[in-house]
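The block underneath contains the structure these notes are about, expressed in structure tokens.
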Amino acid sequence: MKKVYHVLAILTVIIFFPKQSHAQFDLDGQMLVRSEYRNGYQKLMNENVDHAGFIAHRARLQASYKVDRLTFFMSIQDVRTWGSSSTANITDNYLSVHEAWAEVDFGEYWKLKLGRQELNYDNARFLGNLDWALQGRSHEFALMKYEKENAKLHFGFGFNQDGQKIQDHVYSSFNNYKAAQLIRFENKAGKLNYAFLFWNDGRQFQEIDQVTNTTNSGIRYLQTLALPTLKYTMPQTQLSGYFYYQLGKDIFDRSTSAYDISAHITHKLMENKEKGTKYTATAGFELISGTPTNDQQKNKSFSPLYGTNHAFNGFMDLFYVGNHFNSVGLRDIYLRTRYNFNSSFWIQGDYHNFAANATLLRDEYSGPELDKGFGSEIDLSLGKVISESVSIQAGYSQFFASDTFKQIQSNGELKESQNWAYIMFVFRPNNKAKFIGVPL
Numbered sequence: 017m018k019k020v021y022h023v024l025a026i027l028t029v030i031i032f033f034p035k036q037s038h039a040q041f042d043l044d045g046q047m048l049v050r051s052e053y054r055n056g057y058q059k060l061m062n063e064n065v066d067h068a069g070f071i072a073h074r075a076r077l078q079a080s081y082k083v084d085r086l087t088f089f090m091s092i093q094d095v096r097t098w099g100s101s102s103t104a105n106i107t108d109n110y111l112s113v114h115e116a117w118a119e120v121d122f123g124e125y126w127k128l129k130l131g132r133q134e135l136n137y138d139n140a141r142f143l144g145n146l147d148w149a150l151q152g153r154s155h156e157f158a159l160m161k162y163e164k165e166n167a168k169l170h171f172g173f174g175f176n177q178d179g180q181k182i183q184d185h186v187y188s189s190f191n192n193y194k195a196a197q198l199i200r201f202e203n204k205a206g207k208l209n210y211a212f213l214f215w216n217d218g219r220q221f222q223e224i225d226q227v228t229n230t231t232n233s234g235i236r237y238l239q240t241l242a243l244p245t246l247k248y249t250m251p252q253t254q255l256s257g258y259f260y261y262q263l264g265k266d267i268f269d270r271s272t273s274a275y276d277i278s279a280h281i282t283h284k285l286m287e288n289k290e291k292g293t294k295y296t297a298t299a300g301f302e303l304i305s306g307t308p309t310n311d312q313q314k315n316k317s318f319s320p321l322y323g324t325n326h327a328f329n330g331f332m333d334l335f336y337v338g339n340h341f342n343s344v345g346l347r348d349i350y351l352r353t354r355y356n357f358n359s360s361f362w363i364q365g366d367y368h369n370f371a372a373n374a375t376l377l378r379d380e381y382s383g384p385e386l387d388k389g390f391g392s393e394i395d396l397s398l399g400k401v402i403s404e405s406v407s408i409q410a411g412y413s414q415f416f417a418s419d420t421f422k423q424i425q426s427n428g429e430l431k432e433s434q435n436w437a438y439i440m441f442v443f444r445p446n447n448k449a450k451f452i453g454v455p456l
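Heads up: the sequence shown is residues 17 to 456, going by this note's numbering.
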């Protein structure tokens with residue numbers, strides 16, 4: 017109950033705070049309602065296990081207040097599965113703060129943004145707001161921004177602790193960075209858009225003896241250097257790609273050398289601008305490095321740490337969505353086609369062929385090598401804009417697993433059919449993103 021009172025009190029201050037004549041107050045919101053059928057989503061299903069089905073939603077209330085050179089923004093959200101709380105409850109733990117930040121304008125080109133905020137860059141492969149997941153993702157961060165025409169330089173840092181301690185500096189959340197630094201620059205040269213990225217990710221480690229005394233602690237840093245955007249646009253064709261390289265130390269103190277490289281070509285096969293009809297096809301690949309199962313001394317597995325990974329390696333999220341990290345990597349060769357009937361209705365079909373990118377042994381550390389093929393996936397999607405505020409999105413996916421992938425899933429005898437489907441209503445009155453999780 018206290019959490020609800022605190023959030024309502026903050027919103028009340030925002031709404032009723034006396035406004036100067038030149039101040040601007042905006043109140044906005046959004047809601048997603050998604051129903052899912054899961055029969056192999058994120059992990060292949062054992063033949064003795066029933067499929068899952070549920071309805072869940074995210075509702076956000078967003079408020080911004082602008083005065084002079086200051087912008088204050090706050091977003092609270094309710095994320096829940098229908099039925100997870102009793103109909104008699106008047107409060108629960110599903111309400112949270114998604115964003116709470118202030119931004120100061122220091123002049124024509126410079127701004128400083130402080131607080132809980134989304135870091136959403138490039139195609140969201142490495143840094144994204146995780147919009148597909150109902151809870152989303154945000155960071156407590158200090159971000160300095162310089163933006164002049166097409167040139168944008170952002171740099172900043174985050175430093176996390178469990179609370180306001182008077183002693184002991186160990187951060188106990190080992191699934192999050194304790195310290196991180198970001199530098200990113202983007203620009204445009206003619207038909208070429210490009211960007212450079214540096215991310216330094218520091219994870220807390222703690223070594224404990226047999227009587228639970230801390231013998232050693234500190235931060236191990238993993239660096240990511242990248243060309244996260246390379247995009248060359250022609251009248252009918254677009255060439256795109258990205259490259260990431262990781263080095264430094266992982267949380268287990270292993271030296272790291274890993275990469276993620278991708279390239280694709282999108283061609284406009286047909287377009288009628290008057291009717292809004294368009295047919296496009298995209299072909300591409302992604303190579304994500306991995307560590308051979310018989311060589312664990314050095315970490316060669318790339319980690320797309322804070323990306324919106326649902327949009328990349330198949331919509332069934334069998335790779336890099338809470339799984340497949342620190343593994344044998346991935347080779348993904350894909351073909352995507354989309355047909356727009358008009359500006360408000362489209363259908364899309366994706367095909368992926370998956371394989372390991374490092375050596376796989378039958379007995380993990382010994383024995384014969386396994387075939388690297390993981391299998392293939394077909395994703396069918398459609399979207400329809402009902403109005404400026406409402407749209408509908410739906411999809412169906414089927415995965416065809418190889419014997420190798422069945423073995424590394426370690427889930428016993430598997431069902432012959434592995435699939436997933438969903439339908440989602442998107443209510444976003446003032447947001448241009450009418451669809452979620454499906455790359456254009």
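Note that CB positions come from ideal geometry on N, CA and C, so glycine has one too.
{"Item": "Same chain only: Cβ atoms within 8 Å of residue 459, ignoring 5 sequence neighbours per side", "Value": "In the structure displayed, the chain extends from 17 to 456; residue 459 sits before or after that span and is not available."}
{"Item": "Residue 372, buried or exposed, once every other Cβ within 10 Å from all chains shown has been counted against 16", "Value": "buried"}
{"Item": "Check whether residue 158 and residue 173 have beta carbons under 8 Å apart", "Value": "yes"}
{"Item": "Opening and closing residue of the alpha helix (DSSP H) in which residue 419 lies", "Value": "419-425"}
{"Item": "Buried/exposed call for residue 436, threshold 16 Cβ in 10 Å", "Value": "buried"}
{"Item": "Separation of residue 73 from residue 150, as counted between CA atoms", "Value": "7 Å"}
{"Item": "Separation of residue 365 from residue 200, as counted between CA atoms", "Value": "33 Å"}
{"Item": "Residue closest to residue 338, alpha-carbon to alpha-carbon, out of 347, 351, 324 and 349", "Value": "324"}
{"Item": "Closest by C-alpha distance to residue 241, when choosing among 205, 319 and 347", "Value": "319"}
{"Item": "Extent of the continuous beta strand (DSSP E) to which residue 108 belongs", "Value": "Where residue 108 is concerned, there is no enclosing beta strand (DSSP E), given that its DSSP letter is neither H nor E."}
{"Item": "Residue burial classification, residue 207 (beta-carbon count within 10 angstroms, cutoff 16)", "Value": "exposed"}
{"Item": "Reduced DSSP category for residue 185 - H, G, I as helix; E, B as strand; rest coil", "Value": "coil"}
{"Item": "Bridge-paired residues (DSSP) for residue 242", "Value": "213 and 260"}
{"Item": "Rounded separation between residue 255 and residue 65 - CA only", "Value": "43 Å"}
{"Item": "Residues of its chain near residue 392, where Cβ-Cβ distance is below 8 Å and the 5 sequence neighbours each way are ignored", "Value": "367, 368, 369, 370, 415 and 416"}
{"Item": "CA nearest to the CA of residue 60, picked from 250, 419, 302 and 439", "Value": "419"}
{"Item": "Exposed unless 16 or more other CB atoms sit within 10 angstroms - verdict on residue 16", "Value": "As shown, the chain starts at 17 and ends at 456. That puts residue 16 outside it, with no answer to give."}
{"Item": "Residue 438 versus residue 348: straight-line alpha-carbon distance, rounded", "Value": "23 Å"}
{"Item": "Span of the beta strand (DSSP E), counted from its first residue to its last, around residue 267", "Value": "It is not in any beta strand (DSSP E) - residue 267 carries neither H nor E in the DSSP assignment."}
{"Item": "Opening and closing residue of the beta strand (DSSP E) in which residue 48 lies", "Value": "40-55"}
{"Item": "According to DSSP, residues forming a beta bridge with residue 199", "Value": "171 and 214"}
{"Item": "CA nearest to the CA of residue 213, picked from 311, 236, 169 and 226", "Value": "169"}
{"Item": "Sequence-distant residues of its chain with Cβ nearer than 8 Å to residue 224 (five each side left out)", "Value": "230 and 231"}
{"Item": "Stretch pair the stretch 282-298 + the stretch 235-254: three plus CB contacts closer than 8 Å", "Value": "yes"}
{"Item": "Meets three-Cβ-pair contact criterion under 8 Å: the stretch 100-107 and the stretch 125-136", "Value": "no"}
{"Item": "Inter-residue spacing [alpha-carbon to alpha-carbon] between residue 443 and residue 388", "Value": "42 Å"}
{"Item": "Buried versus exposed, by CB contacts within 10 Å (16 or more), residue 354", "Value": "buried"}
{"Item": "Nearest-angstrom Cβ-Cβ length linking residue 396 and residue 310, presumed shorter than 8 Å", "Value": "Wrong, their Cβ atoms sit about 39 Å apart, outside the cutoff."}
{"Item": "Residue 70, buried or exposed, once every other Cβ within 10 Å from all chains shown has been counted against 16", "Value": "exposed"}
{"Item": "Helix, strand or coil at residue 155 [DSSP, three-state]", "Value": "strand"}
{"Item": "Three-way DSSP call (helix, strand, coil) for residue 325 in this model", "Value": "helix"}
{"Item": "Residue ranges of each beta strand (DSSP E) within the stretch 61-108, 3 or longer", "Value": "68-83 and 86-97"}
{"Item": "Residue 302 - containing beta strand (DSSP E), residue span", "Value": "293-304"}
{"Item": "Short Cβ contact (8 Å threshold) for residue 454 with residue 299", "Value": "no"}
{"Item": "Rounded C-alpha distance that separates residue 313 from residue 303", "Value": "22 Å"}
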